[in-house]
Every structure is written in structure tokens, then in C-alpha cells.
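This report refers to the structure that appears directly beneath it.
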Amino acid sequence: MINLPLAELAQRLKGELYYDSTMRTLYATDASAYREMPQAVAIPKDIDDLKTLIAFARENRTSLIPRTAGTSLAGQVVGNGIVVDVSRTFTKILEINAEEHWVRVQPGVIRDELNMALKPYGLYFGPETSTANRAMIGGMVGNNSCGSNSVVYGSTREHLLEVKALLADGSEVTFGSTPTPALPLLGEGGSSGFAIPTDRKSDLESEIYRKTFEILSNPENQAEIRKNFPKKSIERRNTGYALDMLLDCQPFTEEGPEFNMCRLIAGSEGTLCFLTEIKLNIIPPPPKAQGLVCAHFNTVDEALRSTITALKYKPQAVELIDNYILECAAENPEQSKNAFFVQRKADGSFPIILVVDVSQNTKEEVEKVAAELIKDFKSEGIGFHYPLLHADDTKKIWTLRKAGLGLLANLPGDEKAVAVIEDTAVDVYDQPAYIRDFNEILHKNGMSAVHYAHAGSGEIHLRPIINLKTKEGHAQFRMIAEEIATLVKKYDGSLSGEHGDGRLRGEFIPQMVGAKNYELFKEIKRTWDPYTIFNPGKIVDTAPMDTFLRYEADQQTPEFKTYFRYPDQNVLQHAEQCNGSGDCRKTQLSGGTMCPSFMATRNEKDTTRARANVLREFLTRSDKANRFDHKEVKEVYDLCLACKGCKGECPSNVDVAKLKMEFLQQYYDSNGVPMRSWLVGNFSKMTGIASYVPWAYNLIFKNAPLRRIANQVVGFHPDRTMPLLHGTTLKSWFKKHTTEPKNVRSADAASLKNRIYLFCDEFTNYNDVEIGKKAILLLEKLGYEVIIPDHAPSARPQLSKGLLKDAKKIAEQNVQMLKDLITDQTPLVGIEPSAILTFRDEYPDLVSEELMEAAQQLAKNALQFDEFIAREMDAKRITSAQFTTVAKKIKLHGHCQQKAIASMVPTKKMLSLPKNYEVTLIPSGCCGMAGSFGYEKEHYDLSMKIGELVLFPTVRNQPEEVLIAAPGTSCRHQIHDGTGKTALHPVEILWEALA
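Residue 298 in my numbering sits at position 296 of the sequence shown, and the numbers go up by one each step.
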């Protein structure tokens with residue numbers, strides 16, 4: 003059914019409007035526990051579009067929900083109105099004034115990217131949320147975000163100078179500092195005792211000032227605000243509207259700062275107006291010499307008591323990381339590397355860690371402060387291990403700490419660490435007693451919680467572990483919220499420190515600040531938003547906090563028969579590990595691989611989060627016998643490159659590539675396999691046939707007109723070149739090679755160091771034969787016996803197209819053929835990362851139960867070529883003396899799956915064997931090819947756009963003498979098509995470097 007008003011609105015907008023079920027589903031959740039389907043999703047192009055949306059909302063009695071990154075934890079951007087996503091179009095840094103230390107930005111500017119732009123000026127925007135590499139300034143203003151360094155920089159409110167906004171009547175306004183002389187006493191008839199500034203452009207703006215001044219001038223209101231708001235000693239107080247902050251201004255507080263309505267707007271969660279520009283104060287950057295004391299404690303209480311000691315040294319931050327997070331980190335490929343500094347307790351369990359940032363201007367100063375702090379800890383008898391980390395190691399710790407939210411989703415099963423009372427803040431001196439009381443409440447109710455984050459600011463993020471799929475879980479959700487609200491009030495704390503009230507905490511605001519102050523909040527809302535169009539149901543007039551939850555009480559989830567195993571969970575639970583934290587929304591400027599399609603399009607639909615959400619939605623709510631059989635899911639997964647970036651970088655360990663493979667096979671079961679997918683999946687068979695007449699194949703694909711026709715026939719883009727066939731296969735060459743005399747092929751048999759088995763993958767066997775030959779000759783030259791055992795292809799093509807039935811047969815065949823042959827002494831070594839890594843990544847979860855143990859054992863000894871060389875280097879069996887001393891520079895692009903499943907460190911180590919070779923990693927993510935993805939006609943443009951983000955420009959800018967290295971066959975092909983330059987496999991470079 004066509005929604006006529008929305009259809010008409012879509013015609014009036016220059017931007018985009020979506021009201022289909024797919025897009026509405028993707029915007030029905032954020033990082034909170036809530037879910038509600040919006041009416042529509044708007045992507046406005048400019049301010050005129052925003053005015054059109056405001057007018058439409060007024061005329062049609064609907065609402066607008068401002069949204070940037072969508073990482074809110076209290077349901078701020080979940081609602082039944084029109085979600086207005088400005089994250090793609092309002093992204094400009096408008097002006098940097100270095101002399102006056104301010105910057106003007108649109109609300110969609112990412113916090114970390116703002117600081118990248120400010121760096122050349124020697125300036126910095128202070129507040130740093132854990133989501134800083136995707137959090138946007140508009141959202142930070144809306145929630146009044148703080149971050150780990152708030153002991154120094156405070157909250158966003160302290161840095162907000164001025165905003166431009168649209169009011170509910172559509173008028174454009176500017177709110178900023180208003181000097182006292184502009185607020186003279188009113189003459190006869192003035193009700194507030196103060197005049198309204200006379201330059202206001204709209205009646206609504208004038209009424210906002212009049213009503214605000216009336217409220218704040220009333221002595222009874224002043225007394226009520228000062229009596230019932232949280233303690234002023236609590237820097238992080240974000241409960242309700244910040245009337246206490248306005249009351250601290252002139253003229254209500256004579257010695258206070260100039261009156262500025264921005265104090266109220268910060269933390270108002272988009273409920274008062276729609277921001278279009280934001281002016282921020284900027285400051286000098288943090289001290290250059292980074293230093294973190296990572297003190298280890300036995301209990302949370304001990305760590306919190308030590309916080310008081312740490313604060314004496316005026317640290318940049320004091321952050322808590324508890325044992326739950328460290329346990330989850332140990333299971334995450336990326337974060338386990340960042341937890342390198344952790345020393346377990348005597349009983350083998352994980353400690354509680356307090357990270358104290360003692361950064362100074364010099365390393366010597368850092369070490370001096372750290373030594374004094376550690377001495378104090380020891381003299382007080384607290385803690386047992388106090389490592390001091392410097393420079394690049396500090397980045398690893400902060401990455402681990404920031405990943406805390408995502409890591410908590412890794413708890414197996416349906417019990418999760420739930421955001422319900424995670425944002426409470428108390429005076430830091432009250433904190434140990436408060437947490438003791440908190441844990442007594444949990445213990446009384448048979449519950450436990452995760453503790454992490456901002457110990458130095460009196461705000462520990464506390465997450466009780468609850469199963470929200472049960473009635474008991476729903477009851478616990480409400481019970482714990484009610485009991486902790488009472489506890490927070492006991493300490494005159496704030497129920498929200500930085501995450502906002504939203505729809506989660508709004509219900510408790512009357513209890514926190516008193517009924518009278520709550521009525522003042524409602525007056526503020528009515529005055530600013532008389533038509534109730536700006537994000538209603540947040541802060542005031544909220545629905546009960548246990549309604550519209552993502553999971554229904556006692557919801558029934560069927561058993562799923564899947565092709566992959568999902569250890570300790572099912573496929574739905576794996577999708578549910580995504581908690582919406584939005585790590586997949588970072589851009590190429592922040593580095594990493596996840597998520598290449600989003601980096602190129604900046605569409606929420608193309609995030610890892612969207613793919614997990616849409617699958618969760620249909621597996622939970624579908625009425626079909628095959629719950630995977632939905633075109634909506636297929637549509638959202640279409641631009642997933644299956645690069646595996648999410649497996650390595652998502653702190654929640656959501657492997658969307660695996661989910662895509664599973665979905666495709668399940669979808670094919672109901673709809674059949676498309677011809678192109680069948681052709682790609684059967685690459686080995688098709689290429690094997692063509693290899694009998696390679697000259698004929700190459701004749702077609704070397705000839706541009708013929709290639710374009712052939713490409714179009716199979717659904718590939720006509721501009722994409724195709725990999726050519728070698729005149730022989732590697733297996734044929736090797737068979738002939740092994741009949742040659744030993745002394746021609748290698749060192750004397752007596753001098754052989756070891757035997758290795760080479761996995762001859764389908765790409766190397768047919769296309770990259772020269773690379774395979776050089777790999778074999780190199781190994782033999784280094785004294786190794788090389789054997790190509792009998793084996794099947796890798797199944798990588800089948801896996802990439804979701805042909806899991808076929809892939810399983812191949813995987814089982816390989817495991818059967820190799821399980822008794824491969825050991826740690828005789829490893830299986832592969833040249834193409836995507837092929838050899840199937841043994842470590844997909845095979846163990848794909849083969850039948852009876853072969854699982856054998857597959858797991860085989861996985862341990864399936865090595866990439868560079869991993870094998872690096873291992874032999876460590877054993878001193880390969881040395882630099884065997885290679886040239888000529889100097890060369892190498893730029894190395896990493897294969898996505900290698901970065902996710904293994905590491906680029908062995909590749910760099912191998913290429914550095916020649917002592918004068920200088921190897922630098924290109925800070926690129928996915929190249930954009932991703933197997934057949936970049937060949938396909940509908941994906942070609944996106945593929946090239948991804949390449950242009952980092953990889954192509956970097957390669958083009960290299961002098962001719964610099965070598966470009968790329969282990970992946972698809973990566974090398976993409977570099978050739980995108981830049982015209984030839985990238986070499988590291989094997990080729992090392993072969994040429996032999997002395």
C-alpha cells in the first residue's frame with residue numbers, strides 16, 4: 003500500500019525518504035535494549051529539506067527523531083516517527099579559527115576526524131567517547147558526551163559555544179553567549195524581571211527566552227533546583243534538562259558565566275530543536291609523552307579505593323577494566339593482542355585493572371610520576387602488579403578499553419550484560435561505598451554485573467547480566483532500574499552521567515529531581531516544542547522503561563538446522579551478538595578493514611550492524627517455514643564483500659561473512675542457485691577444463707572487445723580484466739620437476755632441514771603458476787623438501803558464493819586426505835591466503851561432527867607461506883645471510899582474511915629478511931575485489947570506489963623503484979586494474995632477493 007503523504011513528502015525532498023519495511027527495520031534499534039519501527043527514514047540533503055520535514059511533521063502530527071551514528075544506549079533514536087539521519091550529508095567542517103580557538107561544524111562530523119583536521123593547527127577537541135572513531139558531534143551534543151578524559155576536559159557542554167538550529171515553527175535561530183548588558187530590567191509589565199534580547203527573529207524564539215527566564219527567576223524554582231538536582235561535585239550529571247547549569251549563569255548567579263542557552267541544549271537529546279551547525283571551543287592537545295600505569299587489583303573495591311590515590315597526581319584519565327571484559331578480550335582475535343600486558347592472579351583468574359593516564363611533556367616526567375604513584379599504591383598495600391606502558395602500547399590499552407561495550411556482547415547464550423543502570427554517576431569519594439551497596443543489591447537478587455569505565459569521574463558503567471528473552475529477565479530489568487534509582491538518589495548522584503535519559507531513564511526523573519523540577523522540565527519541552535515534533539517520549543512523558551524492548555518476554559525461537567556450527571550458540575544468537583555499538587561505522591581515516599562497503603557508501607544499510615540486525619529480525623519474526631527465505635535479507639547482504647574484517651575487528655565477534663554464507667545457502671535451498679554463482683563457485687572445475695586449451699581462453703580474455711562480450715555473458719563488468727591461464731598447471735610442472743635429479747632441484751638430501759607439504763590451491767595451480775614455482779624453488783634453495791600431497795581444491799570459491807553443501811564435501815575430502823599427513827613438524831603451507839586460511843577459519847565449523855577434531859588439529863598446522871618462513875627464522879634455520887644486501891623499499895598491502903584470521907606481522911618479517919629491505923604496511927582496508935565481488939557488473943563501481951579510499955592513491959604515489967607487495971591474488975588483480983601497476987606476491991620478492 004502506498005502511503006500518500008509520505009510519497010508526496012519524498013517528492014518534495016532533495017534528499018532521500020524511505021518508508022519500506024527494510025529501511026525502517028534497520029533504523030528500529032540503536033545500541034540500546036529498545037526496538038520500535040519508525041514511520042520512515044529521511045536522509046536530508048540540506049537545511050531546506052530539514053525545514054520541509056519540520057513543516058510536514060507539524061501538518062501531519064508526526065515527529066522527527068534526529069540521528070547521527072545511532073550508538074545511543076538509552077533508546078534516544080528509537081521511536082515511531084520519522085528518523086532523520088544526517089550522518090551522510092551534514093558532515094562538513096565549516097570553519098577553523100585557530101587564533102580564537104574555535105571550530106564550526108555540521109552535526110555529522112566525526113569526533114576523531116575533527117581532531118585529525120585540527121592537528122595541523124596544534125589544537126584539539128577534548129571530550130572523547132569510547133565511540134570516538136564514529137561518534138558524531140551532533141550526537142555528542144545531544145547526549146552531552148564525556149569520555150575517559152573527562153577528569154581534564156569535562157563534558158561536551160563545557161566546550162559548546164554556539165549552535166544554529168531550526169525551531170518547531172521552522173525558524174532558523176542562533177543560540178550562544180548573551181552578555182548581561184543585553185539583558186536589562188524590563189519596564190512595566192515585565193513578568194520575569196529581565197528583558198528578552200531584542201534581536202530575536204521569531205515569536206517562538208522570544209517565547210523560549212521569556213519562559214526560561216520566568217522559570218529561573220522564580221525564587222521557589224531556584225530553591226527547588228538547588229535542593230534536588232545532583233551534587234555539583236559530580237561533573238557528570240546529565241539527568242533531565244540542565245536547568246541547574248542555566249541557573250549558575252548570569253544574571254541568576256552574579257559571579258557566573260554569561261547566559262548561554264547551549265547549556266540547556268547540550269544533553270537535550272534532540273527534543274528541543276534541530277541542530278544544523280555547532281561551534282566548539284578547541285584547546286591545545288594532550289601531553290606528548292604518553293604513559294599509562296595499568297595497576298592490577300584483586301577486587302573492584304580495592305581498585306576504586308585506589309582511585310582516590312590516583313587522582314592526587316592529576317591524571318588525564320582513570321579508567322576501570324574488570325575481569326569480565328578481560329575474559330571476553332581473551333576470546334577476541336584483535337583485543338587479545340591488546341591485552342598483552344595483563345598478568346593473571348595467583349589462582350589463574352583475571353584481575354581488575356585500573357588504567358591511570360600519567361602522560362606528561364617528557365618520558366622522564368612520566369616515569370617520575372608513575373614511580374611515585376606506584377610507591378603510594380604499594381605503601382597502602384593495594385594492587386599486585388603495576389606495568390607502565392609508553393607510546394604505541396598506550397593505544398592498545400585504550401583500544402581495549404573502548405572495545406568494552408562490544409566485548410560484553412560476547413557472553414555466550416541469551417544472557418547479556420544489559421544497558422539499564424550503566425550510566426549512574428556519584429561523587430568520586432562516594433564511589434567505593436556506592437558500588438558496595440550496588441553489588442549487595444545484585445547479590446540479594448542472585449545477579450552479577452560487569453564493572454568498567456570512568457572510575458576517576460565517579461561513573462562506573464555497571465551492566466547486570468540479564469536474559470531479556472524471559473519474563474524473569476524483563477522483571478529483573480525493571481527491578482534493578484528501580485532499586486538502583488533509589489540508591490543513586492541516596493548518594494545525591496545522577497542517574498545519567500553521559501549516556502542520557504532517553505526512554506530508559508525518563509520514567510525515574512521525578513524521583514531523581516523531584517516532582518516540581520520534573521514539571522519544570524515539561525514546561526521547557528512544551529515551550530520549545532509546542533507541536534511535539536522533536537523526538538517525543540524522551541526525557542519527559544516517556545513510555546514505561548520496560549516497553550518496546552528488542553526482545554519479548556518468553557519469545558519462542560525455533561531450532562535452526564544450519565550448515566555451519568556456531569560454537570556455544572545458534573545462528574540467531576550469533577547475529578544477536580551485535581549490540582549496535584556501531585564499530586562498523588568508522589571510516590577509512592580511522593584505519594582497519596571493517597566495513598569496506600560502508601566506508602564507500604556511508605549508508606547505514608551497508609554496515610555490519612545492519613546485516614546482523616536484518617537477519618536477527620527475520621529469524622525472530624518470520625512466519626515462513628524457511629526463515630532465511632526473505633529478499634529483504636538478500637538485499638541488505640548484497641554489498642557485503644565477505645572480507646572477514648568484522649571477524650577480526652568487531653569487538654562483539656560478529657562474523658557477518660559467515661552469516662552471509664549461511665544465509666545464501668539457506669536462501670538457495672528455497673530459490674535455487676543463480677547461474678553466475680554456480681559458475682564462480684565451480685571456478686576450479688571450469689578453469690580445469692579451460693586449462694586444456696589455455697591459448698583459446700587467453701585469446702578471448704586478452705582481446706578487449708571479446709573480453710567485454712564474454713564478461714557480459716556471465717554477468718561480469720565489461721571493464722574488468724580477467725586473470726589469464728598459464729601455459730601449464732603448477733601440478734603438471736611440479737610432477738615434471740620432481741623427476742629431475744636431486745642436485746638440480748635442491749641442496750643435498752642429507753642437508754634437508756625439514757619436509758613441508760605445499761597446498762596447491764586452485765588459483766596458484768591455474769593462474770599464478772609462476773608464483774607457485776618460485777615458492778617451491780625458494781623453499782628448496784633454503785634446504786626444504788617440498789611435496790604437493792593429493793588434495794582437493796580449497797573450496798574458497800564455493801564458500802564465497804554460499805555454496806556450503808559443495809564446500810562441505812570438499813572440506814571433508816581435504817580433512818580426510820591430509821589429517822594423517824600434516825603435523826607441526828610437517829606443516830601444510832599455502833601461498834594464497836584465502837585458500838590456506840579456509841583450513842583455519844571455515845573448515846572446523848563446516849565439516850561433520852566426526853571430522854571436527856581432525857579439522858581442528860589440521861587447522862593448527864595449516865600455515866601461510868610467510869608464517870612458515872617466520873617460524874623458521876625464529877628457529878634460526880633461515881637467516882639474512884642467505885639474501886641480498888641491496889637496499890629496496892616495499893609497500894605491503896594486506897589480505898583481508900589474513901588480517902582477520904592471522905596477522906601481517908609474519909609477512910613483514912619475511913620481507914625484512916634481506917637486511918636492507920625497508921617494508922611499510924599500506925594503511926589500507928579491503929582492496930575492493932574480494933574474490934568475484936569486484937568482477938560482478940552491479941558491484942564493479944563500488945569495488946573501484948573502495949580501492950580509491952586508500953589503496954589506489956597510495957600505490958599511484960609510489961616511485962617506480964618501490965615494490966608493491968600483496969599476498970592475495972584478488973588484491974594484486976585489483977591493484978593492476980585500479981592503478982596500472984604490478985603488485986608482487988611476497989614470495990616473488992623473496993625469491994629475487996636470494997643471494
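Using N, Cα and C, we set each Cβ at its ideal position, and we do this for glycine too.
Just so it is clear, the structure is predicted and the values come from calculations on it, not from any experiment.
- Rounded to whole angstroms, the gap between the alpha carbons of Gln818 and Ala809 is 14 angstroms.
- The alpha-carbon of Val452 is positioned some 34 angstroms away from that of Lys365.
- In this structure, the beta-carbon distance from Glu990 to Ile773 falls below 8 angstroms.
- Taking every protein chain shown into account, the CB of Leu708 has fewer than 16 other CB atoms within 10 angstroms, so this residue is exposed.
- The residue among Glu164, Lys370 and Asp868 with its C-alpha nearest the C-alpha of Ile139 is Glu164.
- Here the C-alpha atom of Leu913 lies approximately 12 angstroms from the C-alpha atom of His895.
- Per the DSSP secondary-structure output, Asn99 pairs in a beta bridge with Trp104.
- Around the beta carbon of Thr595, 16 or more other beta carbons sit within 10 angstroms, so the residue counts as buried.
- Where Val788 is concerned, the enclosing beta strand (DSSP E) starts and stops at Tyr786 to Ile789.
- Look at Glu18 here: in three-state DSSP terms it is strand.
- Cβ-Cβ separation between Thr426 and Leu497: approximately 6 angstroms, consistent with a contact (criterion under 8 angstroms).
- Pairwise C-beta distances place the segment 870 to 877 in contact with the segment 903 to 918, as three or more of them are shorter than 8 angstroms.
- Looking at the backbone, the Cα of Leu322 and that of His392 are separated by about 18 angstroms.
- Measuring C-alpha to C-alpha distances from Thr971 to each of Gly930, Lys939, Glu962 and Leu951 identifies Gly930 as the nearest.
- Look at Met449 here: in three-state DSSP terms it is coil, with no helix or strand label.
- Nearest neighbour of Ile49 by Cα position, chosen from Glu97, Leu75 and Pro109, turns out to be Pro109.
- Bounds of the beta strand (DSSP E) holding Leu894 are Lys890 to Leu894.
- Contact between Leu8 and Ala42 holds: CB atoms are separated by about 6 angstroms, below the 8 angstroms threshold.
- DSSP places Cys296 in the strand class (E or B) of the three-state scheme.
- For the pair Glu619 and Leu11, the Cα-to-Cα distance works out to about 28 angstroms.
- Beta-bridge annotation (DSSP): Asp87 is paired with Arg69.
- Judged by pairs of C-beta atoms under 8 angstroms, the segment 472 to 483 does not touch the segment 214 to 228, as fewer than three such pairs exist.
- DSSP, reduced to helix, strand and coil, places Pro434 within a helical segment of the structure shown.
- Restricted to the segment 779 to 834, the alpha helix (DSSP H) segments that are unbroken, complete and at least 4 residues in length are 798 to 802 and 806 to 820, listed in chain order.
- Relative to Gly385, the option among Leu522, Arg212 and Ile355 whose CA is nearest is Ile355.
- Assignment of Leu727 by DSSP, reduced to helix, strand and coil, places it in the coil class.
- Going by DSSP, Asn700 is part of the alpha helix (DSSP H) stretching over Pro696 to Lys704.
- Two segments are said to touch when three or more pairs of C-beta atoms, one from each, lie closer than 8 angstroms; by this definition the segment 443 to 462 does not touch the segment 285 to 300.
- Around the beta carbon of Met677, fewer than 16 other beta carbons sit within 10 angstroms, so the residue counts as exposed.
- Residue state for Lys339 is assigned as helix, using DSSP reduced to three classes.
- Per DSSP, the beta-bridge partners of Pro466 are Ala451.
- Rounded to whole angstroms, Ala305 and Phe299 show a C-alpha spacing of 6 angstroms.
- In the DSSP assignment, Thr54 falls within the unbroken alpha helix (DSSP H) covering Ile49 to Asn62.
- Each of Gly539, Lys862, His941 and Val921 was checked against the Cα of Gly717, and the nearest Cα belongs to His941.
- Annotation for Cys762: Leu732, Lys733, Phe736, Gly774, Ile790 and His793 place their beta carbon closer than 8 angstroms to its own, counting only its chain and skipping 5 residues before and after.
- Closest in C-alpha terms to Ala435, from the list His387, Tyr493, Thr396 and Glu474, comes Tyr493.
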